[in-house]
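Residue numbers (my numbering), protein chains in the order written: chain R, 6 to 295; chain S, 571 to 921.
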């Protein structure tokens with residue numbers, strides 16, 4: 006008995022591993038089982054054989070185009086979130102007065118939730134919102150600019166809710182890079198731009214890729230704002246709306262499951278592509294406080 | 571731009587939140603000199619180095635390279651090389667690219683970058699490691715990359731911030747010789763920051779001792795070692811016995827001092843008068859067992875190879891550090907004496 010335990014311990018197996026069981030059960034019941042169930046369901050349509058639901062989705066341009074519609078929203082939004090976070094986080098690395106207040110202001114949108122954000126957008130950017138009224142009374146425009154209930158409404162919503170995530174992540178990646186490296190580069194004759202793009206940016210690149218993936222996945226599953234500040238029947242009919250329609254209006258669960266699986270596959274493809282590029286960069290220690 | 575006769579620091583001062591980290595450092599550095607800034611941590615030596623490098627703006631004072639004012643220039647335009655305590659090697663670049671970085675920043679022709687990088691790699695003997703990343707090197711190798719990266723630009727001044735403090739004792743001795751060798755063969759002007767007095771004494775042409783942001787003494791290793799200007803420099807130069815005493819007599823050559831249970835004859839530093847409160851400073855190696863001295867009881871004996879380091883206590887309970895050739899046993903009662911020329915008597919400071 007003792008001998009067996011020693012042999013198992015040598016391979017890293019001991020009784021403490023039993024502590025993992027509750028967590029594993031949770032994952033199994035709450036994630037793996039529903040996922041497997043949905044995957045199975047997607048291969049059991051009422052007609053058309055095993056791949057009937059997938060064929061139905063891809064044969065119909067109205068359904069198929071939701072992939073492109075969603076990508077068109079989520080890729081630029083994720084890209085903008087990352088791109089806007091870098092200079093702001095870069096300026097905010099050191100210590101300065103009011104840093105905490107500024108961070109809070111930048112991060113607050115996370116706590117608002119999509120519905121409140123959507124309402125705010127309608128109030129501010131809507132046809133009778135402040136922006137349009139100000140611009141019209143200033144004589145800049147003659148009729149309201151349409152910034153809500155179309156592509157732009159959803160895009161703004163994704164930026165407002167996605168930016169704080171990207172910003173926080175990138176700020177922590179940046180503070181993980183030893184600031185002495187840039188000082189060393191300066192003593193070697195590098196101005197601020199070479200310091201940034203030759204030293205900081207390459208060290209930050211893996212973090213940017215990870216951040217991009219996370220904000221992209223968040224944006225790709227957009228649903229409430231696509232309905233509230235978008236044009237859910239047309240330009241912002243995103244893939245989650247298609248899945249919702251299939252499930253709760255057509256009661257076609259196999260089709261809804263198939264759409265959900267397609268969503269997952271598209272996300273995985275983008276994430277795999279980005280992480281593939283990430284592996285081209287240096288991903289080791291960056292010498293900072295981690 | 572890499573040639574100059576003197577570099578002049580004129581009242582260089584740096585304040586952090588109302589407190590002077592460095593106050594009024596004035597110093598002339600001549601071409602080819604090796605200067606060590608020496609002091610305990612928090613004395614302002616790293617602040618001084620960062621001010622020189624341009625990484626910290628000055629609160630007051632100026633820095634001149636001959637007739638050119640430097641302290642208003644950003645670090646990238648001063649043309650100094652710097653070796654950081656943490657080495658600060660770029661972790662994503664190979665040894666070769668780390669060393670070539672500064673040359674590329676000067677937009678030199680590719681062939682020249684290549685030639686000078688190769689030369690620098692050979693100089694620090696890292697030929698086999700040129701394509702490795704810094705993370706794959708040992709501490710001593712990383713140190714050599716950091717030095718090569720700084721000297722490849724043939725800078726007018728090399729700044730070194732405790733470059734050996736992260737190495738083990740044996741490697742530290744080797745690198746000390748190596749840095750000195752590079753300094754001599756390249757004729758570089760060097761400012762070297764350290765808290766290790768032995769390192770400073772063995773490497774530098776001149777030492778600047780700092781304490782609380784103020785210069786205590788500037789001089790050659792010999793001057794500092796034999797004639798420290800005050801008790802703080804003495805403390806730092808290895809005078810481990812600092813005994814508060816009172817002056818009893820003053821002659822042309824010697825000063826008689828008296829403390830609880832002991833009288834000594836020493837050499838005065840500065841003007842002293844009978845009755846003055848003073849500090850007598852003696853190195854452990856100058857305090858030896860001999861007849862007719864201060865009676866002490868041996869407490870701790872440490873074997874140090876060639877000799878023994880002994881801690882002993884006088885009957886009044888004052889601890890003395892001394893050296894002995896033969897092993898006394900703890901508890902032994904002996905008498906210790908010191909050569910009056912080696913006992914320095916400093917005016918006591920109101921502390």
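Positions of the beta carbon are idealized from the N, C-alpha and C atoms, including for glycine. These numbers come from a predicted model, not from an experiment.
Using only the alpha-carbon positions, how far apart do residue i and residue j sit?
i              : j              : result
residue 879(S) : residue 897(S) : 9 Å
residue 163(R) : residue 175(R) : 18 Å
residue 157(R) : residue 142(R) : 23 Å
residue 128(R) : residue 65(R)  : 36 Å
residue 189(R) : residue 667(S) : 14 Å
residue 690(S) : residue 869(S) : 53 Å
residue 202(R) : residue 210(R) : 10 Å
residue 79(R)  : residue 161(R) : 11 Å
residue 225(R) : residue 168(R) : 14 Å
residue 109(R) : residue 696(S) : 49 Å
residue 136(R) : residue 228(R) : 25 Å
residue 341(R) : residue 248(R) : With chain R covering 6 to 295 only, the question about residue 341(R) has no answer from this structure.
residue 808(S) : residue 854(S) : 8 Å
residue 713(S) : residue 245(R) : 56 Å
residue 62(R)  : residue 218(R) : 26 Å
residue 250(R) : residue 230(R) : 16 Å
Taking Cβ to Cβ, would you say residue i is nearer than 9 Å to residue j?
i              : j              : result
residue 881(S) : residue 891(S) : yes
residue 72(R)  : residue 279(R) : no
residue 579(S) : residue 593(S) : no
residue 655(S) : residue 733(S) : yes
residue 87(R)  : residue 159(R) : no
residue 624(S) : residue 591(S) : no
residue 266(R) : residue 47(R)  : yes
residue 730(S) : residue 778(S) : no
residue 636(S) : residue 628(S) : no
residue 618(S) : residue 774(S) : no
residue 192(R) : residue 652(S) : yes
residue 715(S) : residue 707(S) : yes
residue 665(S) : residue 700(S) : yes
residue 705(S) : residue 289(R) : yes
residue 186(R) : residue 204(R) : yes
Any idea what DSSP makes of residue i, helix, strand or coil?
i              : result
residue 713(S) : helix
residue 811(S) : strand
residue 699(S) : helix
residue 588(S) : coil
residue 852(S) : strand
residue 921(S) : Reliability fails at residue 921(S), whose pLDDT of 47 lies under 50, so the model's placement of it is uncertain and the value that follows must be treated cautiously. In the structure shown, residue 921(S) sits in coil (DSSP, three-state: anything other than H, G, I, E or B).
residue 9(R)   : helix
residue 576(S) : strand
residue 150(R) : coil
residue 899(S) : coil
residue 872(S) : strand
residue 863(S) : strand
residue 181(R) : coil
residue 818(S) : strand
Comparing the C-beta of residue i with each C-beta of chain R, is any distance below 9 Å?
i              : result
residue 611(S) : no
residue 659(S) : yes
residue 891(S) : no
residue 671(S) : yes
residue 710(S) : no
residue 579(S) : no
Would residue i pass as an interface residue toward chain S - the criterion being a Cβ-Cβ separation below 9 Å?
i              : result
residue 290(R) : yes
residue 286(R) : yes
residue 190(R) : yes
residue 183(R) : yes
residue 186(R) : yes
residue 237(R) : no
residue 102(R) : no
residue 213(R) : no
residue 208(R) : yes
residue 280(R) : no
residue 247(R) : no
residue 204(R) : yes
residue 131(R) : no
residue 92(R)  : no
For the ligand GTP, is there a heavy atom less than 8 Å away from the beta-carbon of residue i?
i             : result
residue 59(R) : As for the ligand GTP, it is missing from this structure, which has no ligand bound.
Alpha helix (DSSP H) segments (min. 4 residues) lying fully within the segment 230–290 of chain R = 244–253, 258–283
Quick one: which unbroken beta strand (DSSP E) runs of 3-plus residues sit fully inside the segment 732–811 of chain S? Chain order, please.
760–764, 776–781, 784–789
Worksheet item: Fully enclosed by the segment 614–665 of chain S, which alpha helix (DSSP H) runs are 4 residues long or longer?
Response: 615–623
Every unbroken alpha helix (DSSP H) inside the segment 668–694 of chain S [4 residues or more] | 680–693
Inside the segment 88–147 of chain R only - alpha helix (DSSP H) runs reaching at least 4 residues
104–112, 114–130, 135–142
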